[in-house]
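**Q** With the UniProt record's numbering applied, the sequence shown covers 1 to 248. The beta carbon of each residue, even a glycine, is placed where N, CA and C say it ideally should be. Keep in mind it's a predicted model, so treat the numbers as computed, not measured.
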Amino acid sequence: MNWPFKFGFKRNQEDQESPKNGVMLVTYAEPKHVISEQYRTVRTNIEFASAALDKCQVVMFTSSTMSEGKSTVSANVAVTWAQAGKKVLLIDADLRRPTVHATFRKLNLDGVTTILTGKTKPSEVVEETFVDNLSIISSGPIPPNPSELLNSKRMGDLLNWARENFDIIVLDAPPVLAVSDVQVLVPRTDGVVIVSNLGKTLKGDLQRTVEVLKLAKAHILGSVERVRSRHGDRGYGYGYGYGYQSNV
């Protein structure tokens with residue numbers, strides 16, 4: 001699979017805890033660290049990969065299955081865009097296993113689901129964060145019908161509102177093979193980044209993920225591959241670190 005870019009990080013041993021505790025924002029905690037620089041490289045590669053598109057304002061991060069690190073990658077790349085002076089909105093579109101509210105220490109009383117059910121407006125639930133230039137919309141209460149809500153006209157209206165008010169919109173989306181949510185979101189996004197986990201993601205699953213996205217006519221910008229570090233953990237967040245492998 002020859003994508004414009006392919007990038008590697010050490011996999012997070014605490015992914016199972018992310019819905020409860022959120023993910024580690026190393027780009028905010030230590031912006032000068034080598035790992036933060038790697039995330040900035042991912043951001044730059046996305047911009048290069050999208051150069052051929054008419055626009056690339058809404059970028060969706062997804063994976064094949066759960067616990068592959070797409071929430072960690074999407075949140076940290078969103079921070080790097082904000083640090084570069086872009087006005088960024090991170091939307092938690094994973095209505096089944098949300099993490100954004102926990103990462104940014106927010107309540108999850110209102111959000112995407114209350115917007116899509118007509119109870120609130122985007123301007124009423126968007127929240128600023130401790131990161132300059134970065135705002136979020138959390139998932140809101142977990143609904144019984146996520147795919148139907150994400151496929152609704154109100155979801156299109158939400159993203160149209162976001163396009164008018166922000167430079168970059170980052171979608172933390174569900175895994176492709178687990179549910180049909182991503183397929184209904186693809187037509188409303190400009191590009192998709194796939195996060196995989198070396199040693200966990202099955203090659204067949206990754207191939208099926210690409211096939212599903214292509215059938216949905218997604219613009220696949222590239223992949224971020226999380227790899228096992230040879231040097232052990234470095235003590236970030238909940239006691240994990242990152243290793244680095246680049247195949248750009």
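1. Check whether the Cβ atoms of Ala185 and Leu150 sit closer than 8 Å, and answer yes or no.
2. In three-state terms, what does DSSP make of Arg226?
3. Going along the chain, which unbroken runs of the beta strand (DSSP E) with 3 or more residues stay wholly within the UniProt domain "AAA" (69 to 213)?
4. Tell me the DSSP bridge mates of Val59?
5. Taking the C-alpha atoms as reference points, what is the distance between Arg40 and Val77?
6. Mind checking who Ile220 pairs with in its DSSP beta bridge?
7. What is the rounded straight-line gap between the Cα of Gln83 and the Cα of Cys56?
8. In angstroms with no decimal places, state the Cα-to-Cα distance between Arg234 and Asp157.
9. Take every Cβ of the stretch 35 to 53, pair it with every Cβ of the stretch 174 to 185, and state whether three or more of those distances are shorter than 8 Å.
10. Thinking just about the alpha-carbon of each residue, which of Pro146, Val100, Leu159, Asp167 is nearest to the one in Val182?
11. Taking just the CA atoms, how far does Pro98 sit from Leu107?
**A** With the given structure in hand:
1. The amino acid occupying residue 185 in the given sequence is Leu; Ala does not appear at that position. Taking the C-beta atoms as reference points, Leu150 is found nearer than 8 Å to Leu185.
2. In the structure shown, the three-state DSSP call for Arg226 is strand.
3. For the UniProt domain "AAA" (69 to 213), whole beta strand (DSSP E) runs of length 3 or above, ordered along the chain, are 88 to 92, 134 to 137, 168 to 172, 191 to 197.
4. DSSP lists Val170, Gly191 as partners of Val59.
5. So the two alpha carbons sit approximately 7 Å from each other.
6. In the DSSP output, where bridge partners are listed per residue, Ile220 has Val192.
7. Rounded to whole angstroms, Gln83 to Cys56 spans 18 Å at the Cα level.
8. Bear in mind that a pLDDT of 37 at Arg234, under 50, signals an unreliable position, so the model cannot answer this.
9. The stretch 35 to 53, when compared against the stretch 174 to 185, does not touch it at the 8 Å Cβ threshold.
10. The candidate whose alpha carbon is nearest that of Val182 is Pro146.
11. Roughly 12 Å between the two C-alpha positions.
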